[in-house]
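Protein sequence lines correspond, in order, to chains A and B. Okay, so the first sequence: first residue is 1 according to my numbering, each after it adds one. Okay, so the second sequence: first residue is 1001 according to my numbering, each after it adds one.
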Amino acid sequence: MESVKSRSSFFAYGLLAFLLALSVSASVSAQVMGGYDVTIVPSNPQILEPVVARLVTNASCLLDLRALRLSQNGAAIRIDVTPTPGVCQQVNPVSQDVSLGHFLPGTFEVTIFTPGSVVLGSAAFTVTDTYSAKTSPFPLVDYTDHWWNPQESGWGMSIHQHPSDRLFAIWFVYNQAGQPVWYTLQPGAWTSPTVYTGPVFKTTGPYYGGAFDPTQVGITQVGTATLSFTDSNTGTFSYTVEGVSGAKSITRLPF
Amino acid sequence: MPTSYRATLPDNNADEILHRYVVLEYPDTATTLAAKAALQRDPLVLYVQESTFSHFSVAPADPLFATATKIQNYQWGINNPLNLKNAWGTVRGTAFLAQLDNGIQANPLHEDLGQPWRRFNFNVAGGTDVDEHPELTTPFYGVPIGGHGTHTAGIMAAATSQASVPAGYPNPSPALGGAGVCWYCELMIAKVSRISTQAQNLGQITLDDTIDIPNAISWAANSGAQVINMSFGAMPANHNCGNPYEPYCLALNSAFYRDVVIVAAVGNSNLLTGGDGNGLGTSLDFPASTTYTIAAGAIQSYSGTRGNLWTEENPQPFFYGSSTGSGMETRGILAPGRDVLSTFYTGKNWNEGDRCGTDATFPNGSQGTSKGPKYGICTGTSMAAPHITGIVGLMRTVNPLLDGPTIRTKLLSAGDNAGSPNTTRGFGVPNVATAVNSVLATTNRLTPLFSLYSSNAWDHFYSVVPQQARAAIAYGLIPYANAPTTYTPYGTTIAEYTQFPLGNLINYVAPTAQVWVFSTHVNPFNASVELMPLYRLSWKCGDPGTSVCASNPSHVSHFYTASLSEAQSYIGSASYAFDAIEGYVCPLGTAKPAGTTTLMRAYNASRDDYAVFPQEQQATMASQGYTDYVTNLGYVFLNNGSRPSY
């Protein structure tokens, strides 16, 4: 009889341990287990703004995205992943971003599938139309790229155009002594959907080999410039910089 | 050597020193060890050593054991670096090894895993189905995933054949597949993974180290395992063994103090130890990181950037090489882990990118094996651990009474880096013959056959394994009766073994035995005739047949025989199942060795119970109704309270 009583208390103790374990497990599962927690970045994308899916998982078999595939059918965006074969073990949560592209206004849903079409996560997002609210001229093309003149290889311009229509460009050329120099175009304004004009700045600052002291950075306006695009791939860069004026044909740099 | 020549030799000349040795013979181990101690105290004696055992090298007949040109086409790990061939001459292994893994190929049973007679199955999801079920994983992985558990099981205890093993032994013919480290060991299969049935993860293989793995560890310890193999790891950060309520640690702690040796893989990358999986691990995975375990690292067959420590030249994510770190210098050991050939789930792969499967070639250009589809290669510390588990099984077979920490110490001491253990190689690669001989030096291979009886199961039960006896006392013995059943020891106490592991947690009962049997097959009385295994079989109400279940539904019947053919007939006609080999007896038909007694077996029909006893107890047993089918099993030593000598 004593033995039976002893056994019962053992099982009772086992049950207590089990309940404790459940509470631990519950807190762990809140971190996503076995799939992806999907968020869209930015959360409220605007028309043609780059959209990224941020995939967070703490399952070891879902960390390796080398075999990822993307596809779209209407508003349905599909991400196919191939889980690493073997046991899916819990690891520290890992976040990985996957670019989905630029979208026109509408509502989209991105879903992640295994090879056998098991759904590992999903998220929806809505792209808003900001064109209708704009009152000033704005570009209808994203001119973001590296630009150059194929006949004058050696100098170039890097243009970054933000979804807010603001533009930041770097013109890297050489001075009279043949030394490299670079100028930035910022901030300017679009005078038409294809013409941007604004001030040109030259900056100085501390040597990159030492500790960077922001107080030593100096910025000086040295002129003005205009980018006139004839189509989405070609244009003219006109400038008056440090007393020198000129105009250059530019085109996107192919890779 | 002429005395005149000896006179020319310096005192430190090897030939001269060897001439000065004196060989003394003593009648038994106890006297030998006493004499050794006395001689060591004599300042005129430079060196004293008792005889250790050397045997002819034993080469299994299994076709995959023999050396082949390509490393992936033969069992290089079992064949060569561990010196197993010289250990098998002493012990082939009969220990209880718990395998916590993905299951095995159970349906149909893999052809080379029939030897470990599996009645000891456990599934954390419920029931006793331990198949790896690769077909269920396809929705998640795109292809069926399986084979990890089948592979590690084969390393530990694949059916092994040898030409010189006499009739009456489990000796598969024709020899199939490969050899296991521990030939006759009992595999206790615990399927600790789950294949998700939820729609959002359908087919995913998961390990729950909060609930499932602790449950499996507890099952193994409660059921009488002597060794637990854990070819997996978890994040050490998730487990705080300083917290007395942490379930994983509690289970490890409980198993450790029940004298179960725990072997754990150290890890294949830094994935679980704070890294992103794209680098070598510089600390050990959990539970290899805990003091409860032997930490198993992996070697490869050739020397690379870290010597023979397994290191991938073109690593894949999570697959870089054998982890190193703190703990290796105190508990770490190495075993083959790269391109290990073993049983595999037929035609399946576990991870092609990591060269684990039955494919002849793998996607990243690495070579596979041409020995598929029933056999495959795999690489990782997961493969090193079962080598070590099998080795511990051999050591615990030689001396079942030796406690786990001592077994661990003796194993580590047999490593090729034992002179300067460090955080990289630990104690190095063990010489198993040395490890076995070091255990052998603690015993004369006689071990008590613990005797127990259950009044509610109407069952006599005998085992040489303390953990099995303890399982019987504490409701853990498999097969489970249909109602909670406990056993009570009977017989004479044993002076050198007075308490079962963690005896304080159960109603104290002293270990008792009526006889001592041999722990391994070597016959000290007649070198040309091997000792005979004492087979243990079992049956319980619910199995085919009726027996006395109408009057006692909790009935269990254990049956013992030294005859393989008799065992097979009970399996075939009476629905018994093999459980294990419980030591060895001197065979009938040879001269009865001096000092031995006859081990007998008799049947009580009213209880459907077989009892095993020394001849001296025959009258007593007859008075209890054990009068039917009286037969002699072999010659053993009577237990008079202390270790017999011969």
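From the three backbone atoms N, C-alpha and C, an ideal C-beta is built for every residue, glycine too. Please read all numbers here as calculations on a predicted model, not as lab measurements.
Is DSSP giving residue i helix, strand or coil here?
{"i": "Asn1215/B", "result": "helix"}
{"i": "Arg1601/B", "result": "strand"}
{"i": "Thr1596/B", "result": "coil"}
{"i": "Ile250/A", "result": "strand"}
{"i": "Ala1611/B", "result": "strand"}
{"i": "Gln31/A", "result": "Residue placement at Gln31/A is flagged as unreliable, the pLDDT there being 39, under the threshold of 50; the coordinate-derived value follows with that caveat. Residue state, collapsed to three classes: coil."}
{"i": "Ala1265/B", "result": "strand"}
{"i": "Ser23/A", "result": "With a pLDDT of 34 at Ser23/A, under the threshold of 50, the predicted position of this residue should be treated as unreliable, though the coordinate-derived value follows. Helix."}
{"i": "Ile1388/B", "result": "helix"}
{"i": "Ile1333/B", "result": "strand"}
{"i": "Lys1540/B", "result": "strand"}
{"i": "Gln1617/B", "result": "helix"}
{"i": "Ile1571/B", "result": "helix"}
{"i": "Cys61/A", "result": "helix"}
{"i": "Thr39/A", "result": "strand"}
{"i": "Leu15/A", "result": "Only weak support is given to the placement of Leu15/A: the predicted model assigns it a pLDDT of 31, under 50, and the value that follows is read from those uncertain coordinates. In the structure shown, Leu15/A sits in a helix (DSSP, three-state: H, G or I)."}
{"i": "Cys1249/B", "result": "helix"}
{"i": "Ser1382/B", "result": "helix"}
{"i": "Glu152/A", "result": "helix"}
{"i": "Ser1565/B", "result": "helix"}
{"i": "Tyr1576/B", "result": "coil"}
Can you list the residues of chain B that residue i reaches, using a CB-CB cut of under 9 Å?
{"i": "Ser95/A", "result": "Ordered by position in chain B, no residue passes the 9 Å Cβ test against Ser95/A, which lies about 11 Å from the chain."}
Please list, in chain order, the chain A residues whose beta carbon lies closer than 7 Å to that of residue i.
{"i": "Trp1350/B", "result": "Pro85 and Gly86"}
{"i": "Thr1138/B", "result": "Gly116"}
Name the chain A residues that come within less than 9 Å of residue i, Cβ to Cβ?
{"i": "Ala1234/B", "result": "Gln89 and Gln90"}
{"i": "Tyr968/B", "result": "Because chain B in this structure spans residues 1001 to 1646, residue 968/B falls outside the shown range and cannot be described."}
Could you name the residues of chain B that residue i contacts, counting a contact when the two beta carbons are closer than 7 Å?
{"i": "Asp64/A", "result": "Pro1317"}
{"i": "Val119/A", "result": "Gln1200"}
{"i": "Gly74/A", "result": "Residues of chain B passing the Cβ test: none, with the nearest at roughly 24 Å."}
{"i": "Gly35/A", "result": "Gln1200 and Asn1201"}
Quick one: which chain A residues come within Cβ less than 8 Å of residue i?
{"i": "Ile1145/B", "result": "Pro85 and Gly86"}
Between residue i and chain E, is there a C-beta pair that is closer than 9 Å?
{"i": "Gly1353/B", "result": "Chain labels in this structure do not include chain E; the protein chains are A and B."}
In chain B, which residues lie less than 8 Å from residue i when you measure between Cβ atoms?
{"i": "Gly243/A", "result": "Result: empty, since nearest Cβ-Cβ is about 53 Å, beyond 8 Å."}
Tell me the start and end of each unbroken alpha helix (DSSP H) in the region 1162 to 1242 of chain B that is at least 4 residues and wholly inside, in chain order. 1212 to 1222
Is it true that the region 1317 to 1329 of chain B meets the region 1103 to 1123 of chain B, where meeting means three or more beta-carbon pairs spaced less than 8 Å apart? No, the region 1317 to 1329 of chain B does not touch the region 1103 to 1123 of chain B.
For the region 1292 to 1324 of chain B, which residues have a CB atom closer than 9 Å to at least one CB atom of chain A, in sequence order? Gln1316, Pro1317 and Phe1318
Runs of 3 residues minimum, wholly inside the region 1105 to 1166 of chain B: which ones carry the beta strand (DSSP E) assignment? 1121 to 1123
Residues of the region 1631 to 1645 of chain B in Cβ contact with chain A at a cutoff of 8 Å, in chain order, please. none
Residues in the region 1184 to 1206 of chain B with C-beta within 9 Å of chain A's C-beta atoms, listed in sequence order? Ser1193, Ser1196, Gln1198, Ala1199, Gln1200, Asn1201, Leu1202, Gly1203, Gln1204, Ile1205 and Thr1206
Quick one: complete beta strand (DSSP E) runs, 3+ long, within the region 1396 to 1481 of chain B? 1446 to 1454 and 1459 to 1463
Anything in the region 1258 to 1284 of chain B with a Cβ closer than 9 Å to a Cβ of chain A? List those residues in chain order, please. Leu1271, Leu1272, Gly1274, Asp1276 and Gly1277
Go through the region 183 to 255 of chain A residue by residue and report every complete run of the beta strand (DSSP E) that reaches 3 residues or more, in order. 189 to 192, 195 to 204, 218 to 229, 234 to 241 and 244 to 252
Report the residue ranges of all alpha helix (DSSP H) runs contained in full by the region 1045 to 1103 of chain B; include only those spanning at least 4 residues, in chain order. 1076 to 1079 and 1084 to 1088
Segment contact, 8 Å Cβ cut-off, at least three pairs: the region 81 to 92 of chain A with the region 164 to 171 of chain A: no
Evaluate contact between the region 1129 to 1145 of chain B and the region 1234 to 1250 of chain B, counting only Cβ atoms and requiring at least three cross-stretch pairs below 8 Å. no
Counting pairs of Cβ atoms below 8 Å between the region 1363 to 1378 of chain B and the region 1334 to 1348 of chain B, do you hit three or more? yes
Would you say the region 1182 to 1198 of chain B touches the region 1421 to 1429 of chain B, given that touching needs at least three Cβ pairs under 8 Å? Under the 8 Å Cβ criterion, the region 1182 to 1198 of chain B does not count as touching the region 1421 to 1429 of chain B, having fewer than three qualifying pairs.
May I ask you to list, following chain order, the residues of the region 200 to 223 of chain A that have a beta carbon less than 9 Å from some beta carbon of chain B? Taking 9 Å as the Cβ-Cβ cut-off against chain B, none of the residues of the region 200 to 223 of chain A qualify.
Taking contact to mean 3 or more Cβ pairs, one atom from each stretch, closer than 8 Å, check whether the region 1249 to 1257 of chain B and the region 1211 to 1221 of chain B are in contact. yes
Examine the Cβ distances between the region 1453 to 1473 of chain B and the region 1091 to 1109 of chain B and report whether three or more of them are shorter than 8 Å. The answer is yes - the region 1091 to 1109 of chain B touches the region 1453 to 1473 of chain B, with three or more Cβ pairs under 8 Å.
Spell out a yes or no on whether the region 56 to 67 of chain A and the region 101 to 108 of chain A are touching, meaning 3 or more CB-CB pairs, one atom from each, closer than 8 Å. no
Taking 8 Å as the cut-off, does the region 1551 to 1568 of chain B touch the region 1598 to 1614 of chain B (at least 3 CB pairs, one atom from each stretch)? yes
Check whether the region 1578 to 1588 of chain B and the region 1483 to 1490 of chain B touch, using three or more Cβ-Cβ pairs below 8 Å as the test. no
Suppose only complete runs of 4+ residues qualify. What are the alpha helix (DSSP H) ranges in the region 1284 to 1369 of chain B, listed by chain order? 1328 to 1331
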